[in-house]
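There are 2 protein chains.
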Amino acid sequence: MNQINPPPRLLMGPGPSTADPRVLRAMSAQLVGQYDPAMTDLMNETMELYREVFSTRNEQTFLVDGTSRAGIEAALVSLLEPGDRMLVPVLGRFGHLLVEIAERCGAEVHTITVPWGEVFRPEQVEEAVLAVRPKLLAVVQGDTSTTMCQPLADLGEICRRHDVLLYCDATASLGGNPYPADAWGIDVTTAGLQKCLGGPSGSAPITLSPRAVAVIEARRHVEAGIRDAGDQPRGRRIQSNYFDLAMVMDYWGPRRLNHHTEATTMLYGARECARLLVAEGIDNAVERHRLHGAAMLAGVQGLGLGVFGDLAHKMNNVVAVEIPDGVDGEGLRAALLADFGIEIGTSFGPLHGRVWRIGTMGYNARRDAVLTTLAALEQVLRACGAAVTAGGGVGAAREVYAG
Amino acid sequence: MNQINPPPRLLMGPGPSTADPRVLRAMSAQLVGQYDPAMTDLMNETMELYREVFSTRNEQTFLVDGTSRAGIEAALVSLLEPGDRMLVPVLGRFGHLLVEIAERCGAEVHTITVPWGEVFRPEQVEEAVLAVRPKLLAVVQGDTSTTMCQPLADLGEICRRHDVLLYCDATASLGGNPYPADAWGIDVTTAGLQKCLGGPSGSAPITLSPRAVAVIEARRHVEAGIRDAGDQPRGRRIQSNYFDLAMVMDYWGPRRLNHHTEATTMLYGARECARLLVAEGIDNAVERHRLHGAAMLAGVQGLGLGVFGDLAHKMNNVVAVEIPDGVDGEGLRAALLADFGIEIGTSFGPLHGRVWRIGTMGYNARRDAVLTTLAALEQVLRACGAAVTAGGGVGAAREVYAG
Chain A
1 MNQINPPPRL
11 LMGPGPSTAD
21 PRVLRAMSAQ
31 LVGQYDPAMT
41 DLMNETMELY
51 REVFSTRNEQ
61 TFLVDGTSRA
71 GIEAALVSLL
81 EPGDRMLVPV
91 LGRFGHLLVE
101 IAERCGAEVH
111 TITVPWGEVF
121 RPEQVEEAVL
131 AVRPKLLAVV
141 QGDTSTTMCQ
151 PLADLGEICR
161 RHDVLLYCDA
171 TASLGGNPYP
181 ADAWGIDVTT
191 AGLQKCLGGP
201 SGSAPITLSP
211 RAVAVIEARR
221 HVEAGIRDAG
231 DQPRGRRIQS
241 NYFDLAMVMD
251 YWGPRRLNHH
261 TEATTMLYGA
271 RECARLLVAE
281 GIDNAVERHR
291 LHGAAMLAGV
301 QGLGLGVFGD
311 LAHKMNNVVA
321 VEIPDGVDGE
331 GLRAALLADF
341 GIEIGTSFGP
351 LHGRVWRIGT
361 MGYNARRDAV
371 LTTLAALEQV
381 LRACGAAVTA
391 GGGVGAAREV
401 YAG
Chain B
1001 MNQINPPPRL
1011 LMGPGPSTAD
1021 PRVLRAMSAQ
1031 LVGQYDPAMT
1041 DLMNETMELY
1051 REVFSTRNEQ
1061 TFLVDGTSRA
1071 GIEAALVSLL
1081 EPGDRMLVPV
1091 LGRFGHLLVE
1101 IAERCGAEVH
1111 TITVPWGEVF
1121 RPEQVEEAVL
1131 AVRPKLLAVV
1141 QGDTSTTMCQ
1151 PLADLGEICR
1161 RHDVLLYCDA
1171 TASLGGNPYP
1181 ADAWGIDVTT
1191 AGLQKCLGGP
1201 SGSAPITLSP
1211 RAVAVIEARR
1221 HVEAGIRDAG
1231 DQPRGRRIQS
1241 NYFDLAMVMD
1251 YWGPRRLNHH
1261 TEATTMLYGA
1271 RECARLLVAE
1281 GIDNAVERHR
1291 LHGAAMLAGV
1301 QGLGLGVFGD
1311 LAHKMNNVVA
1321 VEIPDGVDGE
1331 GLRAALLADF
1341 GIEIGTSFGP
1351 LHGRVWRIGT
1361 MGYNARRDAV
1371 LTTLAALEQV
1381 LRACGAAVTA
1391 GGGVGAAREV
1401 YAG
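Those protein sequences? They're chains A and B, same order as listed.
Mapping to our numbering: the first sequence position 353 is 353, numbers consecutive.
Mapping to our numbering: the second sequence position 93 is 1093, numbers consecutive.
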């Protein structure tokens, strides 16, 4: 077999997105040892950078070594004990994933739902909190399955008032949409690199509020062989070793208690993702995603295509585009990939076969990526027999850029 | 903060070891989409390459997205149900880790032990199998905490005879010591990249025999949102979503059912680690580790240092070197790192403060790495006041190389 040589792709789906070349270069740096002072400095710097990315002062801000789903499971399995109640307002596929993971933790999971393409009003959530009295409210900020961005500004206050912990999966939204974790009173957030952060999947940034940390510390069981006399077990042991955040915190903290061997190359990548975002300024990055997302939206509409969902609550970084009647959605995607090297996304569940999902995120929240995608989309739509407005996509996007 | 720029290190501890630069270059390749034909081809190639690395024909040979500990937990949580009995012959710290992880899966765990620095005879294991009647026998092949390599050739046959599944953690040994999984009748093996495979931590290769697959498939619960009518839930649901190997197999298999988003860059690295090993030839790689391990052993003895453990059962790729009386073990390690950029390992548990652990593995199973380490070690030992044989380390190693 040959050396790796992947074909050039412009990844304009709902993620993973094309990685920033600077992130890949950072990941080509040689390894250092697990407890090398250079390594522990890099770990501390990564914590500091992600505090800025999440707009938080939470001491416990670090990486879980796995994909974004690993971050979700680490949060839920560390917070939830068998029998605990959790409430999930489900706005799309990734809400169902929270349910699925929490059920496996033994939690009693309750849900409320809205039709795909809508979000919840704070009153709906509060009403359900009162009815269910959960230990944890778990919500997805940006669910790429529907492209919706759930407003969170009021949920933290509701949770504090009713003594509920608030967890948010910000995998798809972080960096491309506002996410002031502390200002919104969010206790635990997890994310990934492969959406608006411009890196590859495989590392899950997480941040935990002091009250979430207290819940987890109350279940602290340091593993045999590394515990000392002060490490008396407390509470019910977390049902995963790998995702035991009490131990992961001891590894990232000043005691540096051995747990896993930190995935050094992924850490290099995660640090660079955050460093670039902080250097740009989080607000500037969000504005960049807003601008290029608006250009893509105007562009697909300018081609004469419909879009799905409540546009007032669309994430900045992805749009669901209705597949015109008579067009083979998968055939068009294949043609776009084969002839232009551009990937756009298919869709799940009730939207399967009805929409494509087109992303503008991370490194690809760029003018040339948007205009190239619209130009190519026009060509393949025409080749597939769809009625399109010649030049309408690129023209409408240019108007957005012209202000 | 600045771009990443780690200091140059020669990692001669028990792992992580210095990565092969070719692996890091492979990891700098740009991403492709999750279901891009180029990506699914790379996944299939990775499966094929790891079949060769594990010397197995197991169809189910793939990667778990996390560190080697993630691979262990995925295997144990997918195989073990609450109340199942597991037997662990504990030969060092990583045997205790298997116990710890299995307990969190709800298993009833039994252990047998040998003093650190020894291994088990097959009769000892069989006697315990008969006494415990476990569902699963779980063993570490190479436990870096003691440097011992447990003989496995007879265990598969014992397990078949008593209808027991056999799991082995080969993280530290694979690629540097013989590991014919099928010939030895091992049902499940997990590993990592950061020891003899020459890559970074963060991806866990795994292989599962058909009878292990059958046990896991009997617990198949496809998650809501992606299951179809044929996916009726079976048996007791695995208590982790991320580590549910039935779902991970569906993702790597022809159905390509969505689970996590594969950690593309780690996959590139894992594929390159295996590609290089297969190109070298597994037997040649093991012989290389044997040679350089023998040179390092002779070298430290040539310096006048004692070594720990039963040398007849030492792993090829690591040696435990007794800290001479009067020498500050941690001070010497710090001096070696500061003055020569060379890292050697400290140790755990009963060996803490008694030995250093010196590795010769993966990319660093090389003559220049061995000789440079021995030359530098001589200098720092002398500076720390130890009696050393001038030139004795490099000289003895050279004799091994001269054959």
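Just so you know, even glycine gets a beta-carbon here, dropped at the ideal spot from N, CA and C.
(request) Per DSSP, which residues does A:F62 bridge with? Please list them. (result) Against the first sequence, residue 62 of chain A aligns to sequence position 62. For A:F62, which the question treats as bridged, DSSP gives the partners A:I206.
(request) Pull up the distance between the alpha-carbon of A:V90 and that of B:P1350, whole angstroms please. (result) For this step, residue 90 of chain A is matched to residue 90 along the first sequence. For this step, residue 1350 of chain B is matched to residue 350 along the second sequence. About 51 Å.
(request) Mind listing, in chain order, the continuous beta strand (DSSP E) runs of no fewer than 3 residues lying wholly within the segment 1200-1283 of chain B? (result) Listed in chain order, the complete beta strand (DSSP E) runs (minimum 3 residues) inside the segment 1200-1283 of chain B are 1204-1208.
(request) Scan the segment 49-71 of chain A for residues whose Cβ lies nearer than 8 Å to a Cβ of chain B and list them as they occur along the chain. (result) Answer in chain order: L49, D65, G66, T67, S68, R69 and A70.
(message) Quick check: the Cα distance between A:D310 and A:D154, rounded to an integer number of angstroms?
(response) For the purposes of this step, residue 310 of chain A is taken as residue 310 along the first sequence, with counting starting at 1. For the purposes of this step, residue 154 of chain A is taken as residue 154 along the first sequence, with counting starting at 1. Using only the alpha carbons, I get a separation of about 19 Å.
(request) In the DSSP assignment, find the unbroken alpha helix (DSSP H) run with B:L1332 in it and report its ends. (result) Counting from one through the second sequence, the residue named residue 1332 of chain B turns up at place 332. Here the alpha helix (DSSP H) through B:L1332 covers G1329 to F1340.
(request) Helix, strand or coil for B:L1303, going by three-state DSSP, please let me know. (result) Position 303 of the second sequence, counted from the start, is the residue given in the question as residue 1303 of chain B. The answer is coil: DSSP assigns B:L1303 none of H, G, I, E or B.
(message) Measuring only the C-alpha atoms, how far is A:R160 from B:S1240?
(response) In the first sequence, residue 160 of chain A corresponds to position 160, counting from 1. In the second sequence, residue 1240 of chain B corresponds to position 240, counting from 1. Using only the alpha carbons, I get a separation of about 29 Å.
(request) Identify each residue in the segment 1239-1261 of chain B for which the Cβ-Cβ distance to at least one residue of chain A is less than 9 Å, and report them in chain order. (result) For the segment 1239-1261 of chain B, the set of positions with a beta-carbon nearer than 9 Å to some beta-carbon of chain A reads Q1239, S1240, N1241, Y1242, F1243, D1244, N1258, H1259, H1260 and T1261 in chain order.
(message) When you compare the CB positions of A:E81 and A:R236, do they come within less than 8 Å of one another, or not?
(response) Locating residue 81 of chain A in the first sequence gives position 81, where the first residue counts as 1. Locating residue 236 of chain A in the first sequence gives position 236, where the first residue counts as 1. Taking 8 Å as the Cβ cut-off, A:E81 and A:R236 qualify as a contacting pair.
(message) Can you find the residues in the same chain that come closer than 7 Å, C-beta to C-beta, to B:V1307, ignoring five residues on each side of it along the sequence?
(response) As a working note, residue 1307 of chain B is residue 307 in the second sequence. Excluding positions up to five away in sequence, the list reads L1297, V1300, Q1301, V1319, A1320, V1321 and E1322.
(message) Less than 8 Å between the beta carbons of A:L245 and A:M43, yes or no?
(response) Looking up residue 245 of chain A in the first sequence gives position 245. Looking up residue 43 of chain A in the first sequence gives position 43. Going by C-beta atoms, A:L245 is not nearer than 8 Å to A:M43.
(message) Would you say A:S173 lies against chain B (beta-carbon separation less than 8 Å)?
(response) Here residue 173 of chain A refers to the residue found at position 173 when the first sequence is read from its first residue. Judged by the 8 Å Cβ criterion, A:S173 is not in contact with chain B.
(request) Determine the DSSP secondary structure at B:T1189, reduced to helix, strand or coil. (result) In the second sequence, counting from the first residue as 1, residue 1189 of chain B sits at position 189. It is a strand residue.
(message) Is there a Cβ of chain A sitting closer than 8 Å to that of B:S1347, yes or no?
(response) Here residue 1347 of chain B refers to the residue found at position 347 when the second sequence is read from its first residue. No, B:S1347 does not count as interfacial toward chain A.
(message) On the criterion of 16 or more Cβ atoms from any shown chain inside 10 Å, does A:L130 qualify as buried, or is it exposed?
(response) Locating residue 130 of chain A in the first sequence gives position 130, where the first residue counts as 1. The residue in question, A:L130, is exposed, as its Cβ has fewer than 16 Cβ neighbours within 10 Å.
(request) Could you tell me which chain B residues have their CB closer than 7 Å to the CB of A:Y268, listed as they occur along the chain? (result) Position 268 of the first sequence, counted from the start, is the residue given in the question as residue 268 of chain A. Neighbours of A:Y268 on chain B, chain order: I1004.
(request) Tell me where the beta strand (DSSP E) around B:T1111 begins and ends. (result) On the second sequence, residue 1111 of chain B is found 111 positions in, with the first residue counted as 1. Residues E1108 to T1113.
(request) Specify whether the segment 1200-1210 of chain B and the segment 1222-1230 of chain B touch according to this definition: at least 3 beta carbon pairs, one from each stretch, less than 8 Å apart. (result) Contact fails: fewer than three Cβ-Cβ distances are below 8 Å.
(message) For A:V64 and B:A1274, what's the separation of their Cα atoms in angstroms?
(response) Within the first sequence, numbered from 1, the residue matching residue 64 of chain A stands at position 64. Within the second sequence, numbered from 1, the residue matching residue 1274 of chain B stands at position 274. Cα-Cα distance, rounded: 25 Å.
(request) Report the option in A:V327, A:G326, A:E127 and A:V215 whose CA atom is closest to the CA atom of A:I158. (result) The residue given as residue 158 of chain A occupies position 158 in the first sequence. With distances taken between Cα atoms, A:I158 lies closest to A:E127.
(message) Assuming A:R93 is part of the alpha helix (DSSP H), what are its boundary residues?
(response) Residue mapping note: residue 93 of chain A aligns to position 93 of the first sequence, counting from 1. Residues R93 to R104.
(request) Express the C-alpha separation of A:T261 and A:Y363 in angstroms, rounding to a whole number. (result) Along the first sequence, read from residue 1 onward, the residue named residue 363 of chain A stands at position 363. Along the first sequence, read from residue 1 onward, the residue named residue 261 of chain A stands at position 261. In this structure, the alpha-carbon of A:Y363 lies about 29 Å from that of A:T261.
(message) Tell me which residue opens and which closes the beta strand (DSSP E) that B:I1158 is part of.
(response) Taking the first residue of the second sequence as 1, we reach residue 1158 of chain B at position 158. Here B:I1158 belongs to no beta strand (DSSP E); instead the alpha helix (DSSP H) covers L1155 to R1161.
(message) Quick check: does the Cβ of B:G1391 come within less than 7 Å of any heavy atom belonging to the ligand SAM?
(response) Because no ligand of any kind appears in the structure shown, any question about the ligand SAM cannot be addressed here.
(message) Buried or exposed, going by whether 16 or more other CB atoms sit within 10 Å of the CB of B:A1376?
(response) Looking up residue 1376 of chain B in the second sequence gives position 376. Classification for B:A1376: buried.
(request) With DSSP as the reference, label B:Y1167 as helix, strand or coil. (result) Taking the first residue of the second sequence as position 1, residue 1167 of chain B is located at position 167. Residue state, collapsed to three classes: strand.
(message) What residue range does the beta strand (DSSP E) around A:E358 cover?
(response) Along the first sequence, one-based indexing puts residue 358 of chain A at 358. Before going further, note that residue 358 of chain A is Ile rather than Glu in the sequence given. Its beta strand (DSSP E) spans residues V355 to G359.
(request) Using a Cβ cut-off of 7 Å, pull out every chain A residue sitting near B:Q1034, in sequence order please. (result) Counted from its first residue, the second sequence places residue 1034 of chain B at position 34. Those within 7 Å of B:Q1034 in chain A are P16.
(request) Please compile the residues from chain A whose C-beta is within a distance smaller than 8 Å of the C-beta of B:L1011. (result) Counting from 1 along the second sequence, the entry for residue 1011 of chain B is found at position 11. Simply L31, V32 and G33.
(request) Could you check which residue in A:E73, A:G33, A:G142 and A:V370 has the C-alpha nearest to that of A:E399? (result) Translated into positions along the first sequence, residue 399 of chain A becomes position 399. Answer by Cα proximity: A:V370.
(request) Below 7 Å between beta carbons is the criterion; list the residues of the segment 1174-1203 of chain B that meet it against any residue of chain A, in chain order. (result) Q1194, P1200, S1201 and G1202
(request) Could you check the C-alpha separation between B:R1234 and B:M1247 for me, to the nearest Å? (result) The sequence position of residue 1234 of chain B within the second sequence is 234, counting from 1. The sequence position of residue 1247 of chain B within the second sequence is 247, counting from 1. Straight-line Cα distance between these residues: approximately 13 Å.
(message) DSSP three-state label for A:V139, please.
(response) Here residue 139 of chain A corresponds to residue number 139 of the first sequence, with the count starting at 1. If DSSP states are grouped into helix, strand and coil, A:V139 belongs with the strands.
(message) What does the Cβ neighbour count give for B:A996, buried or exposed, with the cut at 16 atoms within 10 Å?
(response) No information on residue 996 of chain B is available, as it lies outside the stretch 1001 to 1403 that chain B covers here.
(message) Please state whether the Cβ-Cβ distance between A:V164 and A:L193 is less than 8 Å.
(response) Position 164 of the first sequence, counted from the first residue, corresponds to residue 164 of chain A. Position 193 of the first sequence, counted from the first residue, corresponds to residue 193 of chain A. No, the Cβ-Cβ distance between A:V164 and A:L193 is not below 8 Å.
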